[in-house]
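Heads up, the thing below is written out as structure tokens.
2 protein chains.
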Amino acid sequence: MEEKTTRPGPKRSLSAEQIVTTAMDLFDGETPSIRGVAARLGVRPNTLYTYLPDRAALERALVDRLLAEADPDLLLGRRSWRRRIEDYACSLRTVLLRRRGAAALFHSAPMDGPNAMLVGERLLALFTSAGLSPSDASRATYAVIVHVLGSATLTAADLDGHTEEEVVAARQAVQIDPELLPLTAAAWSTTATWNTETQFRWSLHALLDGCAAR
Amino acid sequence: MEEKTTRPGPKRSLSAEQIVTTAMDLFDGETPSIRGVAARLGVRPNTLYTYLPDRAALERALVDRLLAEADPDLLLGRRSWRRRIEDYACSLRTVLLRRRGAAALFHSAPMDGPNAMLVGERLLALFTSAGLSPSDASRATYAVIVHVLGSATLTAADLDGHTEEEVVAARQAVQIDPELLPLTAAAWSTTATWNTETQFRWSLHALLDGCAAR
DNA sequence: GGCAACACTGTACAGTGTGCAATATCGAAC
DNA sequence: GTTCGATATTGCACACTGTACAGTGTTGCC
Chain A
683 MEEKTTRPGP
693 KRSLSAEQIV
703 TTAMDLFDGE
713 TPSIRGVAAR
723 LGVRPNTLYT
733 YLPDRAALER
743 ALVDRLLAEA
753 DPDLLLGRRS
763 WRRRIEDYAC
773 SLRTVLLRRR
783 GAAALFHSAP
793 MDGPNAMLVG
803 ERLLALFTSA
813 GLSPSDASRA
823 TYAVIVHVLG
833 SATLTAADLD
843 GHTEEEVVAA
853 RQAVQIDPEL
863 LPLTAAAWST
873 TATWNTETQF
883 RWSLHALLDG
893 CAAR
Chain B
683 MEEKTTRPGP
693 KRSLSAEQIV
703 TTAMDLFDGE
713 TPSIRGVAAR
723 LGVRPNTLYT
733 YLPDRAALER
743 ALVDRLLAEA
753 DPDLLLGRRS
763 WRRRIEDYAC
773 SLRTVLLRRR
783 GAAALFHSAP
793 MDGPNAMLVG
803 ERLLALFTSA
813 GLSPSDASRA
823 TYAVIVHVLG
833 SATLTAADLD
843 GHTEEEVVAA
853 RQAVQIDPEL
863 LPLTAAAWST
873 TATWNTETQF
883 RWSLHALLDG
893 CAAR
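Read top to bottom, the protein sequences are chains A and B. Count along the first sequence from 1, add 682, and you get the number used in the numbering used here. Count along the second sequence from 1, add 682, and you get the number used in the numbering used here.
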């Protein structure tokens with residue numbers, strides 16, 4: 683194994699790790715591009731193709747970094763299984779909302795990185811400890827992933843750089859015609875808060891209730 | 683109102699409706715671009731800016747068209763509130779998976795079109811009929827939207843042009859090391875089916891259970 | 001008929017990801 | 001120690017993308 687100990691040719695000036703790290707740094711402020719990362723590294727764009735097959739590979743690596751940044755250890759500890767899931771979910775939501783376009787990355791490629799697998803394993807453990815069968819635990823795991831990523835992505839689209847408060851206030855100010863949409867008008871004060879962590883926790887809670895009842 | 687009955691200047695050769703319609707046609711096969719739609723209409727790309735402020739406006743319009751194509755009337759009728767939600771949700775999922783990149787459109791702009799409002803109103807009615815308060819009905823409505831869009835987007839990323847069967851088979855073939863990820867390995871036969879309608883219905887069912895319990 | 005508003009075009013710019021051929025650099029074999 | 005082949009990096013180029021700006025010609029109104 684690892685027969686390629688030394689190879690001819692010039693030394694590599696970079697590493698895949700380094701590229702992904704620079705992309706993460708660059709991520710505060712703008713969604714990273716091949717050319718942007720290369721510029722930051724003081725290198726021509728093509729150079730990156732020595733380390734990555736294409737842009738999708740960079741995105742996959744970023745996805746896995748983001749999952750790790752949310753701290754999968756939150757899924758461990760002595761708290762109840764629900765608390766642990768909620769804590770990691772909220773942490774991941776925060777991580778995804780901090781960087782513009784972060785949530786959207788999860789939709790360009792399948793999640794098969796090592797951290798994705800780790801998080802999956804731990805979620806399975808939690809649902810199993812809650813009494814679910816292996817099959818149901820798997821389904822519940824995916825349901826939670828879908829909720830966190832879907833929620834974060836939609837909220838990221840609505841925020842678009844603004845703060846949560848600004849968006850809620852802007853939505854509050856919208857006038858709904860009670861003739862056309864009576865129920866929407868009646869519930870609008872709640873609907874205006876769809877992009878808040880309160881809403882996030884409410885729906886996650888409902889989802890976990892439904893999963894636990896299986 | 684509508685004081686602009688007639689205006690000077692040449693007749694318009696197109697309409698916003700027409701642009702959105704050709705974009706939808708073009709959508710089978712490739713994700714529509716300003717230049718692509720213009721070419722299909724036999725017109726320079728800039729011409730579209732007479733009718734639309736920017737690409738985001740086109741995407742918003744497409745989102746609303748997709749919501750309508752899923753047939754919001756499925757939310758009406760005599761079936762139980764759960765059946766009606768499940769039927770529309772599955773229909774929307776199918777619509778979004780039929781066109782590549784359709785699901786991703788929902789993440790570029792807020793959903794505030796007329797059909798989005800209509801669907802929201804009808805979901806509120808269903809949850810209200812299920813006994814939820816206006817506030818809880820609003821939260822449950824968003825939870826369902828998040829699930830449908832999140833699930834469709836993740837599945838679209840995994841499918842990437844392939845059929846559901848192909849993806850499931852490819853995932854089944856993956857070998858998970860039971861030493862590293864015992865639970866993942868044990869539940870993998872189910873995990874391989876995450877992108878199926880069966881999984882979609884399972885998690886939607888769980889979510890609705892949790893919402894109804896409020 | 002002149003005026004002002006308007007639709008549309010030509011051209012252009014600043015981006016994006018990425019393929020290809022040339023160049024420079026190294027390790028290993030002779 | 002020289003040659004050879006593998007390799008990293010570059011310059012250049014291509015095919016895209018959205019969209020800004022300055023014409024150019026058509027039209028309704030006074």
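Backbone N, C-alpha and C define an ideal beta-carbon position, used for all residues, glycine too. Quantities reported herein were computed from a predicted structural model and do not represent experimental measurements.
Nearest-angstrom Cα separation, counted from residue j out to residue i
| i | j | result |
| --- | --- | --- |
| threonine 729 of chain A | alanine 738 of chain A | 16 Å |
| glycine 711 of chain B | arginine 780 of chain B | 10 Å |
| glycine 813 of chain A | alanine 868 of chain B | 16 Å |
| threonine 835 of chain A | arginine 760 of chain A | 30 Å |
| glutamate 699 of chain B | serine 820 of chain A | 44 Å |
| glutamine 881 of chain A | proline 692 of chain A | 54 Å |
| leucine 758 of chain A | leucine 800 of chain B | 43 Å |
| aspartate 818 of chain B | isoleucine 858 of chain A | 19 Å |
| tryptophan 763 of chain A | histidine 887 of chain A | 12 Å |
| leucine 723 of chain B | threonine 704 of chain B | 8 Å |
| leucine 708 of chain A | alanine 838 of chain A | 18 Å |
| leucine 831 of chain B | aspartate 736 of chain A | 27 Å |
| serine 773 of chain A | serine 695 of chain B | 51 Å |
| aspartate 755 of chain A | methionine 706 of chain A | 21 Å |
| glutamate 768 of chain B | glutamate 879 of chain B | 11 Å |
| glutamate 625 of chain A | valine 745 of chain A | Since the first residue shown for chain A is 683 and the last is 896, residue 625 of chain A is missing from the structure and cannot be characterised. |
| alanine 822 of chain A | serine 815 of chain A | 10 Å |
| aspartate 753 of chain B | arginine 747 of chain B | 10 Å |
| alanine 786 of chain A | valine 777 of chain B | 20 Å |
| aspartate 794 of chain A | serine 833 of chain B | 16 Å |
| alanine 807 of chain B | valine 850 of chain B | 37 Å |
Backbone secondary structure at residue i - three-state DSSP
| i | result |
| --- | --- |
| glutamine 854 of chain A | helix |
| serine 697 of chain B | coil |
| threonine 704 of chain A | helix |
| threonine 872 of chain B | helix |
| aspartate 769 of chain B | helix |
| methionine 799 of chain B | helix |
| glutamate 861 of chain A | coil |
| leucine 841 of chain B | helix |
| arginine 689 of chain B | coil |
| glutamate 712 of chain A | coil |
| arginine 883 of chain B | helix |
| glycine 759 of chain B | coil |
| proline 735 of chain B | coil |
| proline 816 of chain B | helix |
| valine 849 of chain B | helix |
| histidine 829 of chain B | helix |
| leucine 748 of chain B | helix |
| threonine 878 of chain A | coil |
| phenylalanine 809 of chain A | helix |
| proline 792 of chain B | coil |
Residues that residue i contacts on chain B, provided the C-beta gap is smaller than 7 Å
| i | result |
| --- | --- |
| leucine 756 of chain A | Neighbours of leucine 756 of chain A on chain B: none; closest Cβ ~18 Å, over 7 Å. |
| serine 817 of chain A | Ala869 and Thr872 |
Proximal residues of chain A, C-beta to C-beta of residue i below 7 Å
| i | result |
| --- | --- |
| tryptophan 900 of chain B | Residue 900 of chain B lies beyond the stretch modelled for chain B, which goes from 683 to 896, so this question has no answer here. |
| cysteine 893 of chain B | Ala888 |
Beta-carbon neighbours of residue i, restricted to chain A and to distances below 8 Å
| i | result |
| --- | --- |
| tyrosine 824 of chain B | Thr873, Trp876, Gln881 and Ser885 |
| alanine 807 of chain B | Leu865 |
| arginine 896 of chain B | Ala888 |
Chain-ordered neighbours of residue i on chain B, where CB pairs are closer than 9 Å
| i | result |
| --- | --- |
| threonine 713 of chain A | None at all; the shortest Cβ gap to chain B is about 12 Å. |
Residue i: contacting residues in chain B (beta-carbon distance under 8 Å)
| i | result |
| --- | --- |
| alanine 720 of chain A | Under the 8 Å cutoff, chain B gives no residues; its nearest Cβ is about 25 Å from alanine 720 of chain A. |
| serine 833 of chain A | Val828 and Gly832 |
| alanine 839 of chain A | Phe788, His789, Ser790, Ala791 and Pro792 |
beta-carbon residue i near the ligand SAH non-hydrogen atom, thresh 8 Å
| i | result |
| --- | --- |
| tyrosine 733 of chain B | Because no ligand of any kind appears in the structure shown, any question about the ligand SAH cannot be addressed here. |
Residue i: contacting residues in chain A (beta-carbon distance under 9 Å)
| i | result |
| --- | --- |
| leucine 836 of chain B | Phe788, His789, Pro792, Met793, Tyr824, Ile827, Val828, Leu831 and Gly832 |
Contact residues within the stretch 841 to 860 of chain A, judged by C-beta distance below 7 Å to chain B
none
When you check each C-beta in the stretch 789 to 803 of chain A against every C-beta of chain B, which residues fall closer than 9 Å?
His789, Ser790, Ala791, Pro792, Met793, Asp794, Met799, Leu800, Gly802 and Glu803
Select from the stretch 734 to 759 of chain B all residues with a C-beta closer than 8 Å to any C-beta belonging to chain A, and list them in chain order.
none
Against chain A, which members of the stretch 764 to 787 of chain B pass a CB distance test of less than 8 Å?
Ala785 and Ala786
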